[in-house]
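In my numbering, the protein residues as written are 213 to 959.
Contents: one structure, followed by commentary.
Take a look at the structure:
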């Protein structure tokens, strides 16, 4: 039989793997910055929990679960989420979540199991600190990768996919490393170790501010400010009190100076300071969140007790959508999160869920206070970590980058909130046999669900990603269909996401008559429609599924079914302009141009101040051969500062003006195309079509040197694009390079 020490080592290795999942970037998988990480994390936790149950069976007294206030609050909150899912819009959707977020009850259970394993195996402070060291190292590597991305790739979040997610991990790393710095320094060791932890804390702090995420910066400022003020008031030494008060005054003066000098060249040149200084109600990001929060409040009033169900915020948002929202957000998007943890929880699980969450936070603060009474400085650090986390989450939402360290923090509070003398001997009211049996049952269920939610998911997302790459590279449709077919056939929980994604691929080939009329295209569309129809039955309130299904039915020329889907969308979400614009496109496909224009006009009427609404109405007019009216709508959209067209779309407008002989507006739209494409390219948007459009617009606008530089860069740094780029160059009338003659031919 395996030795106990070997099992413990296995648990530790698996927890290291769970933390290391934050570092993964898996280009071969759909949504490479999140899906691959979650598959590894969830698999590692499932196996680690099974090994922990093995330890529990072998030596119950040593590894018995910690049944304290934090554990009870965690389980209670999870139970409320489960009840809310049962009474919500879709139990299936609430349990599994979506592929692009990988949240839901299934993932939440893994975070709770992480807490259970850590508190069951790492029961004392020293063993907990070993795990903290692992997380700090992983977060530091993540920060190093972010620094590499910032300097060499011009994309600080190329691993995490979002700068805010990176900031979440760095925030906890600052406090954990600061805790270790104090802990090691207090032992009187005259080594480099204390300063090493201080250096890692400082590095994480610098990288956090480099992300320029205002919620993270405010959270850190609030947490550190609270810590300094608390320590100043409670410390008996006068010099320390005065020094802390001086730091507070200096901090207040610095922040005041940043706001007062926000237009100075120095503040503008430093992006974190520039972002912080522009924090106001007039800021687009702030006004967007305020509008989203107002929508969330209306959704809470609609279902106040148990909410709409976990992962159902988007349905609540769409149901109570305010068209004025588009004037601030600048495009037709729908929030799937409230960007405020309090509102997120209240919408998903009602006031009951919010009460359970606040109880969890309250129990955590109570544990911090108990530890403060024993170790003041360390207690302040953990309290400030909790405060910074809460402030940050008032502008964001939880992800694996915050929940993994948050569970680690809760486990630490369970281990160190009381010293051995004050902590009573642990007694369990539940029978050990029941706990063992329950643990074995949970482990078996999680491994079974893991096979469905992780193992079977992997080849599906790989196939979908391969199809996406082939589509971007303009491969023959038969090749793409063969790649995508296994992903459509495999019954995984992400089938809805695969169906929506497949619809986008099919839409890219609908203009090719040879492909769109082929039997293979029809068969693929039928498979996608089947997947989407099944997803619609599971979650009938999902607007993305409805739009994709209507589009696929239109591709199949099943116009009655498409019309039925459109009617259901209008009935469920009458205030969303995008519903009418998509319905207009479906009507155009069916040959009902007059009806399409009416639908487009109805969408525009919901918010005529929105640039995106004018643009989409212009697209409808252009598709119905109302060219001059369409151009007028495009011009109106550009008169508003809330909208940025896609470069490919802007270039088509330029070509339309050129065909009409309007040289002035042709050049103007060339410049718009160049500007919009450069913005995307600057943020590392790797798209063949965007880069080719950029080069085309440069050539047309006679910026030959810049076009040549961009083409040379792509040929050297994007070898996978070589065939497409060479075909593009040959289409300009040359064999190997862009020249003045080629630029003339492009015009």
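Glycine is no exception: its CB is placed at the ideal position from the N, C-alpha and C atoms.
Checklist entry - Using the rule of at least 16 other Cβ atoms within 10 Å of the residue's Cβ for burial, across every protein chain shown, is residue 939 buried or exposed? => result In the chain shown, residue 939 corresponds to position 727, counting from 1. Its Cβ having fewer than 16 others within 10 Å, residue 939 is exposed.
Checklist entry - With respect to the alpha helix (DSSP H) encompassing residue 605, which residues constitute its N-terminal and C-terminal limits? => result The residue labelled residue 605 in the question sits at position 393 within the chain shown. Here the alpha helix (DSSP H) through residue 605 covers 588 to 605.
Checklist entry - Are the beta-carbon atoms belonging to residue 237 and residue 371 less than 7 Å from one another? => result Taking the first residue of the chain shown as 1, we reach residue 237 at position 25. Taking the first residue of the chain shown as 1, we reach residue 371 at position 159. Taking 7 Å as the Cβ cut-off, residue 237 and residue 371 qualify as a contacting pair.
Item to check | Bounding residues of the alpha helix (DSSP H) (the contiguous stretch that carries residue 286) | outcome: Residue 286 sits at position 74 when you count from the first residue of the chain shown. Residues 281 to 298.
Checklist entry - Alpha carbon to alpha carbon, how far is residue 248 from residue 241? => result Counted from its first residue, the chain shown places residue 248 at position 36. Counted from its first residue, the chain shown places residue 241 at position 29. Residue 248 and residue 241: Cα-Cα distance of roughly 7 Å.
Next on the checklist: Measuring straight from C-alpha to C-alpha, what distance separates residue 717 and residue 697?
Outcome noted: The residue you call residue 717 lines up with position 505 of the chain shown. The residue you call residue 697 lines up with position 485 of the chain shown. So the alpha carbons of these two residues sit roughly 13 Å apart.
Next on the checklist: Considering Cα atoms alone, identify which of 900, 885, 899 is closest to residue 913.
Outcome noted: What you label residue 913 is simply residue 701 of the chain shown in a count that begins at 1. It is 885.
Item to check | residue 430 and residue 603 closer than 7 Å at C-beta | outcome: Within the chain shown, residue 430 is the residue found at index 218, counting from 1. Within the chain shown, residue 603 is the residue found at index 391, counting from 1. Yes. Within cutoff.
Checklist entry - How would you call residue 821, buried or exposed, if buried means at least 16 neighbouring beta carbons within 10 angstroms? => result Looking up residue 821 in the chain shown gives position 609. Its Cβ having fewer than 16 others within 10 Å, residue 821 is exposed.
Checklist entry - Tell me which same chain residues have a C-beta within less than 6 Å of the C-beta of residue 633, skipping the five on either side of it? => result As a position in the chain shown, residue 633 is number 421, starting the count at 1. Residue placement at residue 633 cannot be trusted, given a pLDDT of 37 that sits under 50; what the coordinates show is reported in the next sentence. Excluding positions up to five away in sequence, the list is empty.
Checklist entry - Going by alpha carbons, who is nearest to residue 625 out of 439, 855, 581? => result For the purposes of this step, residue 625 is identified with residue 413 of the chain shown, where counting begins at 1. Comparing Cα positions, the closest option is 581.
Item to check | residue 640 versus residue 694 - alpha carbon distance | outcome: As a first step, residue 640 must be located in the chain shown, where it is residue number 428. As a first step, residue 694 must be located in the chain shown, where it is residue number 482. At residue 640, the pLDDT of 46 sits below 50, so the modelled position is not reliable and the matter cannot be decided from this model.
Next on the checklist: Here's the rule: buried if 16 or more other CB atoms are within 10 angstroms of the residue's CB, otherwise exposed. What is residue 239?
Outcome noted: Counting from one through the chain shown, the residue named residue 239 turns up at place 27. It counts as exposed.
Checklist entry - Below 7 Å between beta carbons: does that hold for residue 532 and residue 550? => result Residue mapping note: residue 532 aligns to position 320 of the chain shown, counting from 1. Residue mapping note: residue 550 aligns to position 338 of the chain shown, counting from 1. Going by C-beta atoms, residue 532 is not nearer than 7 Å to residue 550.
Checklist entry - residue 544 to residue 538, Cα distance in whole Å? => result Against the chain shown, residue 544 aligns to sequence position 332. Against the chain shown, residue 538 aligns to sequence position 326. Confidence at residue 544 is low in this model, with a pLDDT of 48, below 50, so its placement is unreliable and the value that follows should be read with caution. Looking at the two C-alpha atoms, the distance is approximately 6 Å.
Next on the checklist: My output table needs one value for residue 399: the three-state DSSP class, helix, strand or coil.
Outcome noted: Here residue 399 corresponds to residue number 187 of the chain shown, with the count starting at 1. Coil, per DSSP.
Item to check | Start and end residues, alpha helix (DSSP H) containing residue 250 | outcome: What you label residue 250 is simply residue 38 of the chain shown in a count that begins at 1. Taken as a continuous stretch (DSSP letters only), the alpha helix (DSSP H) holding residue 250 covers 247 to 270.
Checklist entry - Helix, strand or coil for residue 940 per DSSP? => result For the purposes of this step, residue 940 is taken as residue 728 along the chain shown, with counting starting at 1. Looking at residue 940 - three-state DSSP - the assignment turns out to be helix.
Checklist entry - Is the Cβ-Cβ distance between residue 491 and residue 470 less than 7 Å? => result Counted from its first residue, the chain shown places residue 491 at position 279. Counted from its first residue, the chain shown places residue 470 at position 258. The answer is no: Cβ separation not under 7 Å.
Next on the checklist: For residue 527 and residue 667, what's the separation of their Cα atoms in angstroms?
Outcome noted: Your numbering for residue 527 matches position 315 in the chain shown. Your numbering for residue 667 matches position 455 in the chain shown. Distance between the alpha carbons of residue 527 and residue 667 is about 29 Å.
Checklist entry - Can at least three beta-carbon pairs, one atom from the region 416 to 423 and one from the region 372 to 392, be found at a separation below 8 Å? => result yes
Next on the checklist: Extract the residue ranges of the alpha helix (DSSP H) inside the region 854 to 935, only unbroken runs of 4 or more that lie entirely within it.
Outcome noted: 859 to 871, 875 to 894, 900 to 912, 916 to 929
Item to check | Selected residue, minimal CA-CA separation from residue 398, among 590, 903, 283, 751 | outcome: Looking up residue 398 in the chain shown gives position 186. Out of 590, 903, 283, 751, 590 has the C-alpha closest to the C-alpha of residue 398.
Next on the checklist: Less than 7 Å between the beta carbons of residue 766 and residue 801, yes or no?
Outcome noted: Working through the chain shown from its first residue, we reach residue 766 at position 554. Working through the chain shown from its first residue, we reach residue 801 at position 589. For residue 766 and residue 801, yes; Cβs fall inside 7 Å.
Checklist entry - Measuring CA to CA, which of 662, 754, 934 is closest to residue 257? => result Position 45 of the chain shown, counted from the start, is the residue given in the question as residue 257. When each option's Cα is compared against that of residue 257, the closest is 662.
Item to check | Close-in-space but distant-in-sequence residues of the same chain around residue 228 (CB under 7 Å, 5 per side omitted) | outcome: Position 16 of the chain shown holds residue 228. Closer than 7 Å at Cβ, skipping near neighbours: 346.
Item to check | Span of the alpha helix (DSSP H), counted from its first residue to its last, around residue 405 | outcome: Start at 1 with the first residue of the chain shown, and residue 405 comes out as number 193. Taken as a continuous stretch (DSSP letters only), the alpha helix (DSSP H) holding residue 405 covers 405 to 422.
Item to check | Beta-carbon proximity of residue 796 to residue 808, cut-off 7 Å | outcome: Against the chain shown, residue 796 aligns to sequence position 584. Against the chain shown, residue 808 aligns to sequence position 596. Going by C-beta atoms, residue 796 is nearer than 7 Å to residue 808.
Next on the checklist: Using the three-state DSSP reduction, which class does residue 786 fall into: helix, strand or coil?
Outcome noted: Along the chain shown, one-based indexing puts residue 786 at 574. Correct three-state label for residue 786: coil.
Checklist entry - Which residue from 846, 705, 794 puts its Cα closest to that of residue 304? => result As a working mapping, residue 304 is identified with position 92 in the chain shown. The shortest C-alpha separation from residue 304 is found at 705.
Item to check | Whole-number beta carbon distance between residue 574 and residue 518, since they are thought to touch under 8 Å | outcome: Start at 1 with the first residue of the chain shown, and residue 518 comes out as number 306. Start at 1 with the first residue of the chain shown, and residue 574 comes out as number 362. Going by Cβ atoms, the distance from residue 518 to residue 574 rounds to 21 Å, so no, they are not a contact pair.
Checklist entry - For residue 468, does the three-state DSSP call read helix, strand or coil? => result Start at 1 with the first residue of the chain shown, and residue 468 comes out as number 256. Three-state result, residue 468: helix.
Next on the checklist: Which same chain residues end up closer than 7 Å to residue 353 when comparing Cβ atoms and leaving out the 5 residues on each side of it in sequence?
Outcome noted: Stepping through the chain shown from its first residue, residue 353 is reached at position 141. So the qualifying residues of the chain are 235.
Item to check | Residue nearest to residue 535 in terms of C-alpha spacing, selected from 814, 941, 412 | outcome: Mapped onto the chain shown, residue 535 falls at position 323. Considering only alpha carbons, the answer is 814.
Checklist entry - Okay, do the region 725 to 735 and the region 747 to 756 touch, 3+ Cβ pairs below 8 Å being the bar? => result no
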